[in-house]
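Numbering (the numbering used here), first residue to last: 245 to 591.
Virtual Cβ for every residue (Gly too), placed ideally from N, Cα, C.
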Amino acid sequence: MADVTRYRPDDRRAVEALYRRVFGHDAAEGSRLRWEWQYRRNPNNPGGEPEIWIAREGTTIVGQYATMPVRLAVANTEVKGSWGMDVMVAPERQRQGLGEVLFRTWDRNVGASLGLGLSDASYRLFQKLRWPDVGPVPCFVKPLSRRAFRHPRWPVAINRLVSALTFPIVLLVSRTRPLRAEVRLVPRFDDSFTELWESLASKFDVAVRRDAAYLNWKFASAPHVRYSVAALVRNGKTAGYAVYRHAHESRGRVTLLVDFLTDPDDETGFKTLLRWVDREAREADSDKIRTFALHAGFRRLLRKSGYFQVKSTMEFVIKVNGTDVTPAFYEDTDRWHVTLGDSDQDR
Ligand SMILES: CC(C)(COP(=O)(O)OP(=O)(O)OC[C@H]1O[C@@H](n2cnc3c(N)ncnc32)[C@H](O)[C@@H]1OP(=O)(O)O)[C@@H](O)C(=O)NCCC(=O)NCCS
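Right, here's the structure in full:
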């Protein structure tokens, strides 16, 4: 059986080669571009040591579990959380129990093991190992143009008909609404964002600690995408933020509202940020805005702001080890804050 031990710097080449075999050339190139940032520069990675477990058979690497350490707020305490991300086993060694050994080693070493947006194989393995399954994280779309409802597999005539039928809805939900607080674009997150997080942490039963160090690493220094950050400012104090970017997809242009934070009870504040993102999306000529939200308060305000809930494929599993939680804890996720900006979903 394989030994599972922590990653060593001289594993890099063999891990890259295995990654290419398992996930293909393009994904491997993407991973190589992000690697230093993702695994070494994470501020929750003391000493810059990547939180990666390697399965070895002699000198051969046959699997890895690469993870993202985060500080996780869980019911008024903080635990050492860890997003499981790039897990892989060499194709000829799959379905022989190695994945299970990797998952269990990771889980034994962290205060909460978390998975988001899983492949079918890893989702099934999480289920087999009985990880609490709380997902998927609901997905919301706000249409902005008549192209918003296009589907690449539908014939042109059907797409035209759907566009015509849905156009009145689009006009209604996408109309410009006034901003009711100050919103500023900021290049980085200063200490006021840490203060904001600390003032709001108790409002969430589960959420990654969104302090300035984490936010700057995640959204201001990512090497693979460029984000815009809008800060909500009230009486000179930071009261929220929205992180977003515009992208081309086969169905048209989309603005992704990747991450956000306000007091979930601050209806005016959150709606103001959403209205700001509407304007930015229209300016970028986007056909729609897409976002993911788990918290019931944010979901309600999204719906009130013209977003429709659509099918989500962003599965979410979590197992808390670092503090006592009852099985009932996993059944009510209304006060949990999880977005597309969590884990490495936006890549
Ligand atoms: C996911 C992965 C790491 C699991 O490793 P593994 O060594 O095959 O897993 P194990 O042998 O310990 O466990 C097998 C269980 O995993 C699940 N599983 C693994 N591969 C599967 C597949 N292709 N289809 C469906 N379920 C699968 C099943 O629950 C399976 O149980 P079963 O054999 O009794 O049906 C491995 O399949 C892999 O590298 N897949 C390709 C990369 C990938 O999808 N990574 C996840 C990214 S989120």
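Alpha helix (DSSP H) segments (min. 4 residues) lying fully within the segment 245-272:
Taken in chain order, the complete alpha helix (DSSP H) segments of 4 residues or longer contained in the segment 245-272 are 256-267.
Since Gly187 and Asp509 are thought to touch, with beta carbons under 8 Å apart, how far apart are those beta carbons, to the nearest angstrom?
Residue coverage of the chain in this structure runs from 245 to 591, which leaves residue 187 outside it and unanswerable.
Span of the beta strand (DSSP E) around Phe560:
Against the sequence shown, residue 560 aligns to sequence position 316. Start and end: 560-564.
Would you tell me roughly how many angstroms separate the C-alpha atoms of Glu442 and Asp434, rounded to the nearest one?
Residue 442 sits at position 198 when you count from the first residue of the sequence shown. Residue 434 sits at position 190 when you count from the first residue of the sequence shown. If I take the Cα positions, the gap works out to 14 Å.
Whose C-beta lies closer than 6 Å to the C-beta of Val323 among residues of the same chain, with five residues either side of it excluded?
Against the sequence shown, residue 323 aligns to sequence position 79. Result list for Val323: Leu316, Gly355, Ala356, Gly566, Thr567, in chain order.
Comparing the CB of Gln340 with every heavy atom of ligand 1, is any distance shorter than 8 Å?
Taking the first residue of the sequence shown as 1, we reach residue 340 at position 96. Gln340 Cβ: within cutoff of ligand 1.
The segment 522-531 / the segment 487-497 touching (three or more Cβ pairs under 8 Å)
yes
For Pro313, write down the residues that DSSP places opposite it in a beta bridge.
On the sequence shown, residue 313 is found 69 positions in, with the first residue counted as 1. Beta-bridge pairing links Pro313 to Ser326.
Is it buried or exposed for Thr482, if we count other Cβ within 10 angstroms and need 16 for buried?
By one-based count along the sequence shown, residue 482 stands at place 238. So Thr482 ends up on the buried side.
Output needed for Asn320: all residues of its chain with C-beta closer than 7 Å, excluding positions within five of it in sequence on either side, in chain order.
Sequence index remark: in the sequence shown, residue 320 carries index 76 (1-based). Taken in chain order, the residues that qualify are Ser446.
Roughly how many angstroms separate the alpha carbons of Ala392 and Pro313, rounded to a whole number?
Walking along the sequence shown from the start, residue 392 turns up at place 148. Walking along the sequence shown from the start, residue 313 turns up at place 69. Between the C-alpha atoms of Ala392 and Pro313 there is a straight-line separation of about 36 Å.
Among Ser275, Ala272, Gly585, Phe552, which one has its Cα closest to the Cα of Tyr458?
In the sequence shown, residue 458 corresponds to position 214, counting from 1. Closest by alpha carbon: Gly585.
Would you call the CB atoms of Leu545 and Thr583 closer than 9 Å?
Position 301 of the sequence shown, counting from 1, holds the residue named residue 545. Position 339 of the sequence shown, counting from 1, holds the residue named residue 583. Their beta carbons are not under 9 Å apart, which means Leu545 does not touch Thr583 by this criterion.
Option nearest Ile413 by Cα separation, candidates Trp398, Asn403, Gly550, Tyr471:
As a position in the sequence shown, residue 413 is number 169, starting the count at 1. Nearest C-alpha to Ile413: Gly550.
Any non-hydrogen atom of ligand 1 within 8 Å of Met329 CB:
Residue mapping note: residue 329 aligns to position 85 of the sequence shown, counting from 1. Met329: yes, Cβ under 8 Å from ligand 1.
Hey, would you say the C-beta of Ala483 is under 8 Å away from at least one heavy atom of ligand 1?
Position 239 of the sequence shown holds residue 483. Because no heavy atom of ligand 1 lies under 8 Å away, the Cβ of Ala483 does not count as near it: no.
Which residue wins for smallest C-alpha separation from Arg478, given the options Phe448, Arg497, Thr516?
For this step, residue 478 is matched to residue 234 along the sequence shown. Ranking Phe448, Arg497, Thr516 by Cα distance to Arg478 puts Thr516 first.
Compute every distance between the C-beta of Asp592 and the non-hydrogen atoms of ligand 1, then say whether any falls below 8 Å.
Residue 592 cannot be examined here, being either before or after the span of the chain that is shown, 245 to 591.
Rounded straight-line distance, which links the Cα of Ala456 to that of Glu295
As a working mapping, residue 295 is identified with position 51 in the sequence shown. As a working mapping, residue 456 is identified with position 212 in the sequence shown. Roughly 21 Å between the two C-alpha positions.
In angstroms with no decimal places, state the Cα-to-Cα distance between Pro396 and Pro290.
For the purposes of this step, residue 396 is identified with residue 152 of the sequence shown, where counting begins at 1. For the purposes of this step, residue 290 is identified with residue 46 of the sequence shown, where counting begins at 1. Answer to the nearest angstrom: the Cα atoms are 46 Å apart.
To the nearest whole angstrom, what separates the beta carbons of Arg394 and Arg495, a pair I think is in contact under 8 Å?
Numbered from 1 along the sequence shown, position 150 holds the residue referred to as residue 394. Numbered from 1 along the sequence shown, position 251 holds the residue referred to as residue 495. That belief holds up - the Cβ atoms of Arg394 and Arg495 are roughly 5 Å apart, short of 8 Å.
Pairwise C-alpha distance: Ile562 and Leu358:
In the sequence shown, residue 358 corresponds to position 114, counting from 1. In the sequence shown, residue 562 corresponds to position 318, counting from 1. Here the alpha carbons of Ile562 and Leu358 stand approximately 4 Å from one another.
State yes or no: is the C-beta of Glu344 nearer than 8 Å to some heavy atom of ligand 1?
Start at 1 with the first residue of the sequence shown, and residue 344 comes out as number 100. Indeed, a heavy atom of ligand 1 lies less than 8 Å from the Cβ.
Which parts of the segment 445-480 are runs of the beta strand (DSSP E), unbroken and 3 residues or longer, counting only runs that do not cross its ends?
450-452, 472-478
Tell me the DSSP secondary structure of Thr570 in three-state form.
Within the sequence shown, residue 570 is the residue found at index 326, counting from 1. Thr570 falls in the coil class under three-state DSSP.
Going along the chain, which residues of its own chain have a beta-carbon closer than 8 Å to the beta-carbon of Pro422, five neighbours each way excluded?
Here the question's residue 422 lines up with position 178 in the sequence shown. Arg519, listed in sequence order.
DSSP three-state assignment for Arg495, whether helix, strand or coil
Counted from its first residue, the sequence shown places residue 495 at position 251. Three-state DSSP puts Arg495 in coil, outside helix and strand.
Could you check which residue in Ser363, Glu426, Ala365 has the C-alpha nearest to that of Gly480?
Counting from one through the sequence shown, the residue named residue 480 turns up at place 236. Considering only alpha carbons, the answer is Glu426.
Alpha carbon to alpha carbon, how far is Ala271 from Pro376?
The residue you call residue 271 lines up with position 27 of the sequence shown. The residue you call residue 376 lines up with position 132 of the sequence shown. Cα to Cα, Ala271 sits roughly 28 Å from Pro376.
If distances are taken between C-alpha atoms only, which option among Asp588, Asn288, Arg285, Pro335 comes closest to Ile305?
Taking the sequence shown and counting its residues from 1, the one referred to as residue 305 is at position 61. For Ile305, the nearest C-alpha among the options comes from Pro335.
With burial defined as no fewer than 16 other Cβ atoms inside 10 Å of the residue's Cβ, what is the status of Ser472: buried or exposed?
By one-based count along the sequence shown, residue 472 stands at place 228. When all chains shown are included, Ser472 counts as buried.
Alpha-carbon spacing of Ala466 relative to Tyr263, whole angstroms
As a position in the sequence shown, residue 466 is number 222, starting the count at 1. As a position in the sequence shown, residue 263 is number 19, starting the count at 1. The straight-line gap from Cα to Cα measures roughly 21 Å.
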